[in-house]
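Only one structure is covered here, and it is reproduced in the block below.
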Amino acid sequence: MRGATRMSSPTLDRVLDAVLRVDARFDIRFISEQGQRWLNRAPGSELPKNFMDIVHPDDLPALRQILVGTPDSFACDLRILKGTTECWVHLRSYCLTEARELVLCIVDISQWKTEDSALRHAAEHDELTGLPNRAALKRAMEQRIQSNRKVFSVALLDLDGFKNVNDRYGHAMGDAVLVETAKRLSKLLAPGDLIARLGGDEFVLLLEGKQAPAAQQALKNVLRAMARPFNTAPHNAYLGVSIGVAEFPLHGEDYSMLLKNADTAMYQSKNSGKNRITLFARAQAHADLATQAAIHKGIQEGEFFMEYQPQYDMQRRLVGAESLMRWTNTALGRMVPEQFIPIVEVAGLMPFLGKWALRYCCHQLKNFLALDPDFVLSVNVSPTQFNSANFDDQVLEVIAETGINPSRLVLEITESTLMNSQKKNQLALIRLYEQGVRFSIDDFGTGFSSLSYLTRLPVSSIKIDRAFVCAMGEQPAPNNSDRKLIGAMIKLAHSIDLWVVAEGVETQTQYDFLKAAGCNLVQGYLLGRPMSAEALALRFSAQTEAAL
Ligand code: C2E
Ligand code: CA
Ligand code: CA
Numbered sequence: 120m121r122g123a124t125r126m127s128s129p130t131l132d133r134v135l136d137a138v139l140r141v142d143a144r145f146d147i148r149f150i151s152e153q154g155q156r157w158l159n160r161a162p163g164s165e166l167p168k169n170f171m172d173i174v175h176p177d178d179l180p181a182l183r184q185i186l187v188g189t190p191d192s193f194a195c196d197l198r199i200l201k202g203t204t205e206c207w208v209h210l211r212s213y214c215l216t217e218a219r220e221l222v223l224c225i226v227d228i229s230q231w232k233t234e235d236s237a238l239r240h241a242a243e244h245d246e247l248t249g250l251p252n253r254a255a256l257k258r259a260m261e262q263r264i265q266s267n268r269k270v271f272s273v274a275l276l277d278l279d280g281f282k283n284v285n286d287r288y289g290h291a292m293g294d295a296v297l298v299e300t301a302k303r304l305s306k307l308l309a310p311g312d313l314i315a316r317l318g319g320d321e322f323v324l325l326l327e328g329k330q331a332p333a334a335q336q337a338l339k340n341v342l343r344a345m346a347r348p349f350n351t352a353p354h355n356a357y358l359g360v361s362i363g364v365a366e367f368p369l370h371g372e373d374y375s376m377l378l379k380n381a382d383t384a385m386y387q388s389k390n391s392g393k394n395r396i397t398l399f400a401r402a403q404a405h406a407d408l409a410t411q412a413a414i415h416k417g418i419q420e421g422e423f424f425m426e427y428q429p430q431y432d433m434q435r436r437l438v439g440a441e442s443l444m445r446w447t448n449t450a451l452g453r454m455v456p457e458q459f460i461p462i463v464e465v466a467g468l469m470p471f472l473g474k475w476a477l478r479y480c481c482h483q484l485k486n487f488l489a490l491d492p493d494f495v496l497s498v499n500v501s502p503t504q505f506n507s508a509n510f511d512d513q514v515l516e517v518i519a520e521t522g523i524n525p526s527r528l529v530l531e532i533t534e535s536t537l538m539n540s541q542k543k544n545q546l547a548l549i550r551l552y553e554q555g556v557r558f559s560i561d562d563f564g565t566g567f568s569s570l571s572y573l574t575r576l577p578v579s580s581i582k583i584d585r586a587f588v589c590a591m592g593e594q595p596a597p598n599n600s601d602r603k604l605i606g607a608m609i610k611l612a613h614s615i616d617l618w619v620v621a622e623g624v625e626t627q628t629q630y631d632f633l634k635a636a637g638c639n640l641v642q643g644y645l646l647g648r649p650m651s652a653e654a655l656a657l658r659f660s661a662q663t664e665a666a667l
């Protein structure tokens, strides 16, 4: 026991928190007095039997790995269990060959470990939300690029209307919104994904193993999650999010290129009406004269066309439709608006295409009105189209040309378009209203926190955004907050004499709820997908025949 005496000497006890002697099976033969105190054992009380019993289970595999080659000495960091607590230690072992025993020297490094990790945490995390920060994102992205070069997508997210929350309700509210955003986004992460806050209201999502189109699909959940109101008493705030996506290595081979391109795409989302996702390749197209030419040619050669999604009242009577644009190009294939509208926007051709669509729709409306004079057709109007200098003249011109009853035409503009519009465009809206044209607020609830414009401007209906209807889920009322919200929107709209249209109705449960809540019209896959004018006319005829 000479060794033991030496090992428990006061000198060693000052540097070492515990010294143990164990046999080849790691049964404990001896623990220094200092060690017994450190392990929270009263002197004379029973000692742990085997060293492995006090090693944290998560660290056992690594330790066993070290011991595989029965080394003479080794060192490692691991956690020791001290009663109910655990503690990081630096372990150094020496072999007493003749006794076939090991001496284990332990230094408690928990203090150092926590300081180290606290420092590392602070350097790489955002103080407000606790999310990884720009530095951490850069490190994670570079690690990914160097280690496996597998595909991933980078999505840059910038909140819409955040400045409003800050300006109106103060920074504390703004902070609360950011924290809540971080929480909502964190819930949507798939394994291997990463979410970081760059600063301000900018977040980055790294989507592991996804090419940009797959990322776009997944990011629709982000739009949905962000569409839910932010509970910033005394008022709820409604925000959207503009998203830009770049794919590694297709759109950039390093951190800064990927972020720059995602940023370009994000701005594209902002410019084409906010609260949407744009893929970088699409946004980049403004430099692509060939695409512009393809759009021009496409319009001339009839590659663009409209589909019509039926709208029903709550007695399931077909009363109208929304026109939705489509583009089938020989080289690019069939595209939905989310894919081509950003290209059209950056090419500066949206006012042109919008004008074309309006003319096309009014001609079609004339045909529908021949089947039913009460038919109402809704046409989407883009922000640039609405804000163009002579928008009202354009509309009135087409109405005159086709001779349609203006009160059968509904122009859909989004909340954010209206909020970001100039006084003179609002006057154009009033002029059109006076001529009988109706306006509907599209994507209602996603754009802005103030509703006063609804009473100031002559709007006739709101369209509850698909995200709300979708979020409503299948849970029964009254505890479902999405249902409460939809109910409140309907009540609010009715209190100022607006009609309510719900879009994206996919299930009978959603329909039943909307009906009970007093919604006026519904549109969605449950009742009919977007279809050709001929198909819609057939539905009409069938309805008319059934009524006879
Ligand atoms: P929006 O105005 O909100 O149009 C409704 C979108 O929801 C359409 O997508 C429609 O196909 C889809 N939808 C309808 N019912 C359901 C449903 O039950 N479930 C689901 N998941 N989706 C449903 P689409 O046709 O891809 O259009 C997307 C957006 O493109 C439109 O959103 C609108 O903002 C824009 N857009 C479409 N046509 C035009 C147009 O002629 N001019 C302008 N400026 N924008 C257009
Ligand atoms: Ca619409
Ligand atoms: Ca909509």
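Reading the sequence shown from the start, the letters are residues 120 to 667 in our numbering. Each residue gets a CB set at the ideal place from its N, CA and C atoms; glycine is no exception. All figures in this text were calculated on a predicted structure; none of them were measured in a lab.
Residue range of the beta strand (DSSP E) that includes residue i
{"i": "S272", "result": "F271 to D279"}
{"i": "P429", "result": "F423 to D432"}
{"i": "V138", "result": "A137 to D142"}
{"i": "L445", "result": "Strictly speaking, residue 445 in this sequence is Arg, with Leu absent from that position. That run of the beta strand (DSSP E) goes L437 to N448."}
Residue i: CB within 7 angstroms of a non-hydrogen atom of ligand 1
{"i": "V455", "result": "yes"}
{"i": "M444", "result": "yes"}
{"i": "Y644", "result": "yes"}
{"i": "G421", "result": "no"}
{"i": "G473", "result": "yes"}
{"i": "V624", "result": "yes"}
{"i": "D493", "result": "no"}
Simplified DSSP state of residue i, which is helix, strand or coil
{"i": "G467", "result": "coil"}
{"i": "E622", "result": "coil"}
{"i": "H175", "result": "coil"}
{"i": "P332", "result": "helix"}
{"i": "A404", "result": "Per-residue confidence for A404 stands at a pLDDT of 47, beneath the threshold of 50, marking its modelled position as unreliable; the derived number appears in the next sentence. In this structure, A404 counts as helix in the three-state DSSP scheme."}
{"i": "V500", "result": "coil"}
{"i": "R303", "result": "helix"}
{"i": "R453", "result": "strand"}
{"i": "P649", "result": "coil"}
{"i": "F145", "result": "coil"}
{"i": "L657", "result": "helix"}
{"i": "F349", "result": "strand"}
{"i": "V529", "result": "strand"}
{"i": "A123", "result": "Confidence in A123 is poor, its pLDDT being 36 and thus under 50, which makes the residue's placement unreliable; the coordinate value appears in the next sentence. Correct three-state label for A123: helix."}
{"i": "I418", "result": "helix"}
{"i": "V556", "result": "coil"}
{"i": "A356", "result": "strand"}
{"i": "D312", "result": "coil"}
{"i": "L680", "result": "Only positions 120 to 667 of the chain appear in the structure, and residue 680 is not among them; the question remains open."}
{"i": "L221", "result": "strand"}
{"i": "V284", "result": "helix"}
{"i": "E327", "result": "strand"}
{"i": "L640", "result": "strand"}
{"i": "N509", "result": "coil"}
{"i": "N169", "result": "strand"}
{"i": "T130", "result": "Model confidence at T130 stands at a pLDDT of 47, short of 50, so the residue's coordinates are unreliable and nothing is read from them."}
Contact test: residue i Cβ vs ligand 2 heavy atom, cutoff 7 angstroms
{"i": "K393", "result": "no"}
{"i": "E531", "result": "yes"}
{"i": "E441", "result": "yes"}
{"i": "K582", "result": "yes"}
{"i": "N639", "result": "no"}
Range of the contiguous alpha helix (DSSP H) that encloses residue i
{"i": "T628", "result": "Q627 to A636"}
{"i": "S600", "result": "S600 to S614"}
{"i": "M538", "result": "E534 to M538"}
Per DSSP, the bridge partner or partners of residue i
{"i": "G318", "result": "E321"}
{"i": "K393", "result": "Answer by DSSP bridge pairing: none, since K393 is not bridged."}
{"i": "K582", "result": "V620"}
{"i": "H209", "result": "D196 and V226"}
{"i": "K201", "result": "T204"}
{"i": "I150", "result": "L139"}
{"i": "I362", "result": "L276 and I396"}
{"i": "P492", "result": "For P492, which the question treats as bridged, DSSP gives no partner whatsoever."}
{"i": "H244", "result": "P251"}
{"i": "C214", "result": "L221"}
Heavy atom of ligand 4 within 7 angstroms of residue i beta-carbon
{"i": "D245", "result": "Ligand 4 is absent from the structure shown, which contains only ligand 1, ligand 2 and ligand 3."}
Review point. Between the segment 289 to 308 and the segment 225 to 233, do at least 3 Cβ pairs fall closer than 8 angstroms?
Key: no
Check your understanding: Contact between the segment 252 to 268 and the segment 371 to 378: three or more CB pairs below 8 angstroms?
Key -> yes
**Study point:** Segment contact, 8 angstroms Cβ cut-off, at least three pairs: the segment 410 to 420 with the segment 621 to 629
**Key:** no
Check your understanding: Would you call the segment 634 to 646 and the segment 431 to 439 touching, i.e. three or more CB-CB distances under 8 angstroms?
Key -> yes
Check your understanding: Using 8 angstroms as the threshold, is the segment 515 to 529 in touch with the segment 541 to 548, meaning 3 or more CB pairs across them?
Key -> no
**Study point:** the segment 353 to 362 contacting the segment 500 to 509, beta-carbon criterion three pairs below 8 angstroms
**Key:** no
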